[in-house]
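> For the sequence shown, the residue numbers in our numbering are 7 to 130.
The structure that follows is given in the form of structure tokens.
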Amino acid sequence: MLKLFTYPGSIESNKLKSWLEDHQLAYTEKNLFDQLMTIEELKQITSLTELGAQDIIADEYFSVVKHVVLADDISIKELYDYIRQEPKLIKLPMLFDEKRLLVGYDENFLNSFLTSPAKLTVEY
7 MLKLFTYPGS IESNKLKSWL EDHQLAYTEK NLFDQLMTIE ELKQITSLTE
57 LGAQDIIADE YFSVVKHVVL ADDISIKELY DYIRQEPKLI KLPMLFDEKR
107 LLVGYDENFL NSFLTSPAKL TVEY
């Protein structure tokens, strides 16, 4: 089952939901500003990336997160908790299943994502 993480008012999130519905693909949606992602979900997502949490941190917040990690010498669990509590820190929307991750919206990559078992990370 596909999982979709979104945030309210996001054009990319709305486009991705419309694309999934147009193609009649089942998915579950979680608005990360209403519901926090679980540690298990965050572990799953980072396991699908090449660089772990670094690949999902929004560019505009990367230096802030990097400073927190370096200054406070925090553990991975603490980093995950920090990310969970501050969903604005991550790139959204995210579409994923057990083996694949898509970050952002690009219809060409969406087609590849849904037909190819390879890991895919797309940034917008």
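Don't be surprised by glycine CBs; every beta carbon is placed ideally from N, CA and C.
What you are looking at is a predicted structure, and each value in this text was computed from that prediction instead of being measured.
First and last residue of the alpha helix (DSSP H) that includes tyrosine 86?
82 to 91
> Using only the alpha-carbon positions, how far apart do valine 74 and asparagine 37 sit?
25 Å
> Alpha carbon to alpha carbon, how far is tryptophan 25 from lysine 105? Give it in angstroms, no decimals.
The straight-line gap from Cα to Cα measures roughly 20 Å.
> With burial defined as no fewer than 16 other Cβ atoms inside 10 Å of the residue's Cβ, what is the status of serine 19: buried or exposed?
Label assigned to serine 19: buried.
> Given this structure, state the Cα-to-Cα distance separating alanine 32 from lysine 9, to the nearest angstrom.
9 Å
> Between the C-alpha atoms of threonine 34 and aspartate 61, what's the straight-line distance to the nearest angstrom?
22 Å
> Applying the criterion that 16 or more other CB atoms from any shown protein chain within 10 Å of the CB defines a buried residue, is threonine 12 buried or exposed?
buried
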